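Residue numbers (the numbering used here): 1299 to 1521. From the three backbone atoms N, C-alpha and C, an ideal C-beta is built for every residue, glycine too. Keep in mind it's a predicted model, so treat the numbers as computed, not measured. Notes follow once the structure below has been shown.
Written as structure tokens, this is what we have:
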């Protein structure tokens, strides 16, 4: 049974999340503050984390950055749960390493769909494929990315998105196709989510990010 940690200071929201997860067949543990969560994760690693941004003792973004800086939690699937709805807040969360986000108030069905989709993609088939495009080298064996010989840290979603674009270099991929392949569900979030991921991916790739082209009203391609 997969273990999910819920880091949420609002007791009512935390209980709703825990109930929904347990009712969907997951093992779930809740934490009201970052300190309790950080103590527990040193002893036992979960399969996924639902992380609130506004915690009483430490900002959720700071917690996220610490998790991404540690080798044993670097690739843990993390969904930010936030009441902040502006694009800049979401970009900050994705830049810090979040794999997805969900805004309050949210529906239980949406929450479980996001969790299932991310967990499904957190268990990719093992592959030794190495993809190369211009100065970009993507390794499926260790899920690493290099640009001009320099390592580039990508979140799970960013890696999958870049891999899909590289596998289909020169081919225009529609927005619907990208959403279905990467998120795997009829996405219930804002339509800007894909654009935000593309934006952060381009930024991380530096000069090589110019190869990701926008095809207006259609989608994206690597060229």
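query: Quick one: what's got a C-beta closer than 7 Å to residue 1585's C-beta in the same chain, skipping five residues either side?
result: The structure shown does not extend to residue 1585, since the chain is modelled only from 1299 to 1521, so the question has no answer here.
Residue 1315 to residue 1359 span [Cα, whole Å]: For the purposes of this step, residue 1315 is taken as residue 17 along the chain shown, with counting starting at 1. For the purposes of this step, residue 1359 is taken as residue 61 along the chain shown, with counting starting at 1. Distance between the alpha carbons of residue 1315 and residue 1359: 20 Å.
task: Could you have a look at residue 1331 and say whether DSSP puts it in helix, strand or coil?
output: Position 33 of the chain shown, counted from the start, is the residue given in the question as residue 1331. Here residue 1331 sits in coil by DSSP.
message: If you reduce the DSSP assignment to three classes, tell me which class residue 1324 lands in.
response: Locating residue 1324 in the chain shown gives position 26, counting from the first residue. Note: residue 1324 maps to coil in three-state DSSP.
message: DSSP three-state label for residue 1302, please.
response: Within the chain shown, numbered from 1, the residue matching residue 1302 stands at position 4. Reduced to three states, the DSSP call for residue 1302 is strand.
query: Does the distance from the CB of residue 1354 to the CB of residue 1307 come in under 7 Å?
result: Indexing the chain shown from 1 puts residue 1354 at position 56. Indexing the chain shown from 1 puts residue 1307 at position 9. Against a cut-off of 7 Å, the Cβ pair of residue 1307 and residue 1354 comes out as a contact.
message: Closest to residue 1469 by C-alpha separation, out of 1461, 1418, 1521 and 1492, would be which residue?
response: In the chain shown, the residue the question calls residue 1469 occupies position 171. Ranking the options by Cα distance to residue 1469, first place goes to 1521.
Residue 1515 versus residue 1385 - alpha carbon distance: The residue given as residue 1515 occupies position 217 in the chain shown. The residue given as residue 1385 occupies position 87 in the chain shown. Distance between the alpha carbons of residue 1515 and residue 1385: 20 Å.
message: Using 8 Å for Cβ pairs, my map puts residue 1443 next to residue 1460. What's the rounded Cβ distance?
response: Indexing the chain shown from 1 puts residue 1443 at position 145. Indexing the chain shown from 1 puts residue 1460 at position 162. Contact holds; Cβ gap of about 7 Å.
message: For residue 1517, list the residues DSSP reports as bridge partners.
response: Looking up residue 1517 in the chain shown gives position 219. 1472 and 1513.
- prompt: Do residue 1472 and residue 1517 come within 7 Å of each other at the CB atom, strictly closer than that value?
  reply: Residue numbering aside, residue 1517 sits at position 219 when the chain shown is read from its first letter. Residue numbering aside, residue 1472 sits at position 174 when the chain shown is read from its first letter. Yes. Within cutoff.
- prompt: Any idea if residue 1453 is buried or exposed, counting beta-carbon neighbours within 10 angstroms, 16 or more meaning buried?
  reply: Sequence index remark: in the chain shown, residue 1453 carries index 155 (1-based). Buried, by the Cβ-count rule.
The beta strand (DSSP E) enclosing residue 1498, as first and last residue numbers: As a first step, residue 1498 is located in the chain shown; it is residue number 200 there, counting from the start. Careful: residue 1498 lies outside any beta strand (DSSP E), inside the alpha helix (DSSP H) at 1491-1503.
task: Counting only the same chain and skipping the five closest in sequence on each side, list residues whose C-beta sits under 6 Å from that of residue 1486.
output: For the purposes of this step, residue 1486 is taken as the residue at position 188 of the chain shown. In this prediction, residue 1486 has a pLDDT of 48, which is less than 50 and means its spatial position is unreliable; nothing more can be read from the coordinates.
Assigned secondary structure, residue 1442 (DSSP; H/G/I helix, E/B strand, else coil): Residue numbering aside, residue 1442 sits at position 144 when the chain shown is read from its first letter. Reduced to three states, the DSSP call for residue 1442 is strand.
field: Among 1349, 1319, 1342 and 1376, the one whose alpha carbon lies nearest that of residue 1329
entry: As a working mapping, residue 1329 is identified with position 31 in the chain shown. When only C-alpha atoms are compared, the closest one is 1349.
- request: Would you kindly work out how many angstroms separate the C-alpha atoms of residue 1438 and residue 1345, rounded to a whole number?
  value: Taking the first residue of the chain shown as 1, we reach residue 1438 at position 140. Taking the first residue of the chain shown as 1, we reach residue 1345 at position 47. Whole-angstrom Cα-Cα distance: 20 Å.
field: Among 1340, 1333, 1325 and 1432, nearest to residue 1305 - alpha-carbon criterion
entry: Numbered from its first residue, the chain shown carries residue 1305 at position 7. Per the Cα distances, 1333.
- prompt: Is residue 1499 closer than 7 Å to residue 1451 when the C-beta atoms are compared?
  reply: Sequence index remark: in the chain shown, residue 1451 carries index 153 (1-based). Sequence index remark: in the chain shown, residue 1499 carries index 201 (1-based). No.
message: Buried or exposed, going by whether 16 or more other CB atoms sit within 10 Å of the CB of residue 1491?
response: As a position in the chain shown, residue 1491 is number 193, starting the count at 1. Buried is the call here.
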